[in-house]
Amino acid sequence: MLKRLPVLMFGALLASPSAFAQDMPPTAAVCSGCHGQNGWGLANVAPMLAGLDAGYLSQQIDLFLTGKRKDPIMTAMSATVSDPAIRKQVSEYYASLPAPKVAKPEQRGDRVSFTSAAEKLAYQGDWDRNIPACATCHGPSGVGVDHFPRLAGQQEYYLAKQLNDWKQGKRSGDPLNMMSHIAVQLTTDEIKGLAGFFSTLPSGGQ
Amino acid sequence: MKTILSLLAISFASSVFAANELPDRQTELPAVKKAMDTDYLQPRSLDQVPETEFGKMVKLGYSLFVDSQQMRGEFVGNDQNCVNCHMQAGQKANAAPLWAAYSAYPAYRKKNDKVNSYAERIQGCFTYSMNGVPPTYDSEEIKALSAYSYWMMMGGLMDRHGMKGQAVPEVSAKHLQAGAKGADFPFPDKITKAFPVEDRSSLKGRGYPKLAQPEQTPSIERGSDVYSAYCSTCHSADGQGIRGNDGRSYIPPLWGASAYNWGAGMHRINTAAYFIYENMPLGKSATLTKQQAWDVAAYVNSHERPQDPRFKGDLQENRDKYHNHQGYYGQETNGKLLGKDSYPSATVDGQ
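Order-wise, the sequence lines are chains A and B. Heads up: the first sequence begins at 4 in my numbering, then just goes up one per residue. Heads up: the second sequence begins at 2 in my numbering, then just goes up one per residue.
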């Protein structure tokens, strides 16, 4: 095991979003109008991009361009960064911005029982409907793992909208339909609860 | 400049919003349970675990089972958590649930000609699946994992036999470690009658359901295509799974230094095929054919992993002695003799 682990760990450290915040590339100036100077998004306007995986961000731009995600403004905005080099630069820039910190991310298994249905879904899932715990893919407290995007501290309206979009067939392109397969089974109440829970996870900002 | 931009943004944003506010005409999908096979024992909800010393042990067992990395370096030598292979914290029928396992021990095993207790069975998982060194028979960890399994089995049986709402009785450490198959295991009378010793190793939903032998011999080449299509987005093209920024593994590796070793049940092609067919891709957003499950099981298990801890230096001898089943250990595969350049086993501190 010693043969491989240190290399992997080193790679993981380099990929850490808060390691180096980059200078804002000129193309990102217009993005920050909606996504915020710090990339944390604006309530009821646009999602947080800060700290999301660069590959994930770039892939989403592709989905807007190919119509798998439908949003008139973002489709137009995506056209301004359709050049692969520029898209890469903007994606890496937002990935490098620090996201709001979660003091002690909660792992699956830390808590045994839950009073909130949303938190139970987040850490234990609902296997009668084949829904694994959100934290299995999105990481402890939903802080994001590689191309499984960060949910912690994401704009509440946006989280709910994405789950509803999947439910209504307005968002697709997720690998193996794994997220749409889950979202279609969630009730409106569950979506509300989950969006409320994940958006307020980081307490007290950075 | 800045103000102009944000003004622009706001007017953009409001138009975005208007365009997206569609009335919700979709009928609500009800969050009902899928038609449950009522034959499966239903463990009680963990909310019902009491706040007693015994209850604390049950909760500790749950926590160790789901987040086994708490024991990394001490008892666990790889990136696995018990829950990686026993879905839903060991509760899911057909994913080797603990409630069905618990009543099946102590079990007589021809292999070592010896009666195996439940505690010993769990210790085996530490040695092989977790590539570690097991906690001792009398350790807190083994007692806690046994208590968690016992609590789920007993609660399910009590509910089934008209004892809903009654607390699960506490039992001694000796009984806990042994498992519930012994004739002297303290069951409430009603259950002793309804659940005789000869039925205890065959609760419905135990283990991973067997698949018939595939039409075509499992093929590593075809399996590699299945892997690229259905698995690599999570387990990575190189089989190493996915780590978070904290360096911890979140999607488990399927081969290599941090995976299960050559002695683990999952290295057998048939066992892996059963597991994969029933449980993967996680959440079952895609469904494999049985042939695909066999092929991808062959592919996953055709890679080098930590050595079988029973290996004494002679690969052929070890293969003959312990590997008379469907697996590639000790065989030449893709020009490599598997088991020859294995990673170290029992990789815990001080080893």
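Quick reminder that beta carbons are idealized off the backbone N, C-alpha and C, glycines included. All values derive from a computational prediction rather than experimental measurement.
Query, Result
"Does the beta carbon of A:MET27 come closer than 7 Å to any beta carbon on chain B?", "no"
"Near B:SER220, what residues of its chain come up, given a Cβ to Cβ distance below 6 Å and the 5 sequence neighbours on each side ignored?", "ASP296"
"Specify, as a first and last residue, the run of the alpha helix (DSSP H) that B:ASN319 falls within.", "316 to 323"
"Measuring alpha carbon to alpha carbon, tell me which residue in B:LYS285, B:GLU222, B:ASP350 and B:GLN293 is nearest A:TRP130.", "B:LYS285"
"How big is the Cα-Cα spacing for B:GLN124 and B:GLY74?", "16 Å"
"Which bits of chain A does B:PRO210 rub up against, with CB to CB less than 7 Å?", "Chain A residues near B:PRO210: none, gap ~16 Å exceeds 7 Å."
"Have a look at B:PRO51, B:PRO197, B:ASN117 and B:GLY78 and flag the residue whose alpha-carbon is nearest the alpha-carbon of B:ASN262.", "B:GLY78"
"Note the first and the last residue of the continuous beta strand (DSSP E) segment covering B:VAL116.", "115 to 117"
"Does DSSP put A:VAL93 in a helix, a strand or coil?", "helix"
"Could you name the residues of the same chain whose beta carbon sits closer than 7 Å to that of B:LEU146, not counting the 5 residues immediately before and after it, in chain order?", "GLY62, LEU65, PHE66 and ILE123"
"For B:VAL172, return the contacting residues in chain A, with the cut-off set at a CB-CB distance below 9 Å.", "Those do not exist, as B:VAL172 stays about 20 Å from chain A at its closest Cβ, beyond 9 Å."
"Can you look up B:THR288 in the DSSP assignment and give me helix, strand or coil?", "coil"
"Does A:MET181 have its Cβ less than 7 Å from a Cβ in chain B?", "yes"
"DSSP state of B:ARG223, grouped into three classes?", "helix"
"If I follow the unbroken beta strand (DSSP E) through B:TYR109, where does it start and stop?", "108 to 110"
"Is the beta carbon of B:GLY208 less than 7 Å from the beta carbon of B:ALA97?", "yes"
"Counting beta carbon pairs with one atom in the stretch 310 to 327 of chain B and one in the stretch 235 to 243 of chain B, are three or more of them shorter than 8 Å?", "no"
"Looking only at C-alpha atoms, which of A:PRO50, A:TYR126, A:THR190 and A:LEU166 sits nearest to A:TYR97?", "A:PRO50"
"Just the Cα atoms here: how many angstroms apart are A:ASP65 and A:GLY176?", "10 Å"
"Would you please state the rounded distance, in angstroms, between the beta carbons of A:GLY156 and A:LEU55? I believe it to be under 8 Å.", "That pair is no contact at about 11 Å."
"Give the single residue among B:GLY183, B:THR218 and B:ALA260 whose Cα lies nearest to the Cα of B:THR348.", "B:ALA260"
"Any Cβ of chain C within less than 7 Å of the Cβ of A:PRO103?", "Absent here is chain C; the protein component of the structure consists of chains A and B."
"Report yes or no: is there a C-beta of chain B within less than 7 Å of the C-beta of A:GLY112?", "yes"
"Please classify A:GLN25 as buried or exposed, where buried requires at least 16 other C-beta atoms within 10 Å of its C-beta.", "exposed"
"Tell me which residues of the stretch 27 to 52 of chain A have at least one Cβ-Cβ distance to chain B shorter than 8 Å, keeping chain order.", "ALA32, VAL33, SER35, GLY36, CYS37, LEU45, ASN47, VAL48 and ALA49"
"Could you tell me the alpha carbon to alpha carbon distance between B:GLY336 and B:GLN317, rounded to whole angstroms?", "17 Å"
"Listing by chain order, which chain A residues have their CB less than 9 Å from the CB of B:VAL50?", "VAL115 and SER116"
"Which residues does DSSP pair with A:VAL115 in a beta bridge?", "The partner list for A:VAL115 (beta bridge, DSSP) is empty, contrary to what the question assumes."
"I want to verify the contact list: residues of chain A whose CB lies under 8 Å from the CB of B:MET155, in sequence order.", "Chain A residues near B:MET155: none, gap ~17 Å exceeds 8 Å."
"Are the C-beta of B:SER147 and some C-beta of chain A separated by less than 7 Å?", "no"
"Determine the closest residue to A:LYS71 out of A:GLY42, A:THR139 and A:GLN165, with distance taken between C-alpha atoms.", "A:GLN165"
"Spell out whether any CB of chain B is found under 7 Å from the CB atom of A:ASP65.", "no"
"Measure how close the beta-carbons of B:THR1 and A:LEU179 come, nearest whole angstrom, since I'm counting them as under 8 Å.", "What is shown of chain B runs 2 to 352, which leaves residue 1 of chain B out entirely."
"Pairing CB atoms from the stretch 157 to 172 of chain B with CB atoms from the stretch 189 to 196 of chain B, are three or more of them under 8 Å?", "yes"
"Report the residue ranges of all beta strand (DSSP E) runs contained in full by the stretch 81 to 164 of chain B; include only those spanning at least 3 residues, in chain order.", "108 to 110 and 115 to 117"
"Here's a check: name, in chain order, each residue in its chain whose Cβ is nearer than 7 Å to the Cβ of A:GLN188, leaving out the five neighbours to either side.", "ARG132 and ILE134"
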